[in-house]
Amino acid sequence: MFNNKQILITGGTGSFGKKFVKLLLKEYQPKRVIIYSRDELKQYEMQQEFNQPCMRYFIGDVRDKQRITMAMRGVDFVVHAAALKQVPAAEYNPMECIKTNINGAENVIDAALYNNVKKVIALSTDKAANPINLYGATKLASDKLFVAANNIAGDQDTSFAVVRYGNVVGSRGSVVPFFQRLIDEGAESLPITHQDMTRFWITLEQGVQFVVDNFNRMHGGEIYVPKIPSVKIVDLAKAMAPHLATHIIGIRPGEKLHEVMCPADDSYHTFEFDDHYVIAPSISFSSRTNDFQKNALGEGGKKVELGMEYNSLSNPHYLTIEQIKELR
Numbered sequence: 000m001f002n003n004k005q006i007l008i009t010g011g012t013g014s015f016g017k018k019f020v021k022l023l024l025k026e027y028q029p030k031r032v033i034i035y036s037r038d039e040l041k042q043y044e045m046q047q048e049f050n051q052p053c054m055r056y057f058i059g060d061v062r063d064k065q066r067i068t069m070a071m072r073g074v075d076f077v078v079h080a081a082a083l084k085q086v087p088a089a090e091y092n093p094m095e096c097i098k099t100n101i102n103g104a105e106n107v108i109d110a111a112l113y114n115n116v117k118k119v120i121a122l123s124t125d126k127a128a129n130p131i132n133l134y135g136a137t138k139l140a141s142d143k144l145f146v147a148a149n150n151i152a153g154d155q156d157t158s159f160a161v162v163r164y165g166n167v168v169g170s171r172g173s174v175v176p177f178f179q180r181l182i183d184e185g186a187e188s189l190p191i192t193h194q195d196m197t198r199f200w201i202t203l204e205q206g207v208q209f210v211v212d213n214f215n216r217m218h219g220g221e222i223y224v225p226k227i228p229s230v231k232i233v234d235l236a237k238a239m240a241p242h243l244a245t246h247i248i249g250i251r252p253g254e255k256l257h258e259v260m261c262p263a264d265d266s267y268h269t270f271e272f273d274d275h276y277v278i279a280p281s282i283s284f285s286s287r288t289n290d291f292q293k294n295a296l297g298e299g300g301k302k303v304e305l306g307m308e309y310n311s312l313s314n315p316h317y318l319t320i321e322q323i324k325e326l327r
């Protein structure tokens, strides 16, 4: 799919972008890979690792519509990974989060349509499902923008889809590097927000491969959700530091006790496939398919039961402490 094609990744210097580029260069022969991000130091550091002739580095912000439109010229595929992701920071700086996560999403959509990009996948988060914090609310708004963009595209051959998954093991901002830093610094105990807290868990490699798979599966308008395990945060602490005690510090501003990826209210248009769910659009498209029970590869899914909710508490698949150790 990506051979001799041009791919742009917004927020490309992040954990996802680096792993995605590594896969692209290993398994495909892309014509051009564009890293679009606003931090020149991270771009410089990334260039030391990825300096192949096909690599391009554009300094720019998704808030800057003119810049992202120029960067997207000639591009075939876009992965939109740029976002402000820290939940407490978003609570204290709401307008900054809105400017990047919502206005930035609109700019990416407009740039893709202007440049006749073939396919766009936007990365979402479990916090966008039934959001209680501003970060989740902005990502829900972003998801809705990317779904509706398929109607805006009309007969134009540009399709948009969304990939939603949970916490990524070891990514920037996740609890794993935070716990590891405390362990390395000789902490006497690890802070736990709540003893019953659960989270969905996915490795970076799994997340990247899921995005690649969905470029092949997508019609346009879908929200893809992988079937992944849950972890108990107390088990994570035990796996990382069995010799340390834990202490409860309380749930942070805007934080949930458990996460949801497929809300019950969306069950009437959610389909279950072998290793993932598809949340079909709640709106109808006028010039493209509205049948999401079968994907572009011909794989079929089945409608879930009305009221089905996919959340990290009732998820039948939990990682044991030993399995968590293996994933780290």
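Throughout the sequence shown, residue numbering follows numbering that gives the first Met the number 0, covering 0 to 327 in sequence. Don't be surprised by glycine CBs; every beta carbon is placed ideally from N, CA and C.
Spatial distance of residue i from residue j (CA atoms)
i, j, result
"residue 40", "residue 135", "28 Å"
"residue 304", "residue 267", "8 Å"
"residue 86", "residue 4", "35 Å"
"residue 15", "residue 286", "33 Å"
"residue 113", "residue 68", "7 Å"
"residue 154", "residue 194", "51 Å"
"residue 74", "residue 25", "20 Å"
"residue 295", "residue 185", "52 Å"
"residue 301", "residue 258", "23 Å"
"residue 29", "residue 1", "6 Å"
"residue 170", "residue 27", "24 Å"
"residue 253", "residue 130", "9 Å"
"residue 149", "residue 236", "43 Å"
"residue 187", "residue 228", "29 Å"
"residue 320", "residue 288", "44 Å"
"residue 330", "residue 276", "Because the chain here runs from 0 to 327, residue 330 falls outside it and cannot be looked at."
"residue 201", "residue 208", "11 Å"
"residue 70", "residue 58", "9 Å"
"residue 77", "residue 104", "12 Å"
"residue 83", "residue 182", "27 Å"
"residue 232", "residue 43", "35 Å"
"residue 198", "residue 89", "20 Å"
"residue 269", "residue 307", "9 Å"
"residue 12", "residue 61", "14 Å"
"residue 309", "residue 284", "26 Å"
"residue 203", "residue 164", "11 Å"
"residue 8", "residue 281", "27 Å"
"residue 262", "residue 273", "19 Å"
"residue 326", "residue 168", "8 Å"
Span of the alpha helix (DSSP H), counted from its first residue to its last, around residue i
i, result
"residue 64", "64 to 70"
"residue 97", "93 to 97"
"residue 179", "174 to 183"
"residue 143", "133 to 152"
"residue 15", "14 to 26"
According to DSSP, residues forming a beta bridge with residue i
i, result
"residue 5", "31"
"residue 189", "245"
"residue 55", "33"
"residue 116", "In DSSP, residue 116 forms no bridge with anything."
"residue 270", "277 and 302"
"residue 122", "162"
"residue 293", "299"
"residue 167", "201"
Opening and closing residue of the beta strand (DSSP E) in which residue i lies
i, result
"residue 45", "No beta strand (DSSP E) holds residue 45; the alpha helix (DSSP H) holding it covers 39 to 48."
"residue 162", "158 to 162"
"residue 77", "76 to 79"
"residue 259", "259 to 261"
- Three CB pairs or more closer than 8 Å across the region 175 to 185 and the region 140 to 156: no
- What runs of the alpha helix (DSSP H), each 4 residues or longer, lie entirely inside the region 191 to 239? 203 to 216 and 232 to 239
- Message: Assess contact between the region 40 to 56 and the region 92 to 110, defined as three or more Cβ pairs (one per stretch) separated by less than 8 Å. Is contact present?
- Response: no
- Query: Contact between the region 236 to 254 and the region 104 to 117: three or more CB pairs below 8 Å?
  - Reply: no
- Query: Would you call the region 208 to 217 and the region 154 to 162 touching, i.e. three or more CB-CB distances under 8 Å?
  - Reply: yes
- Message: Which runs of the beta strand (DSSP E) at least 3 residues long sit entirely within the region 296 to 325? Give them in chain order.
- Response: Whole beta strand (DSSP E) segments, 3+ residues: zero.
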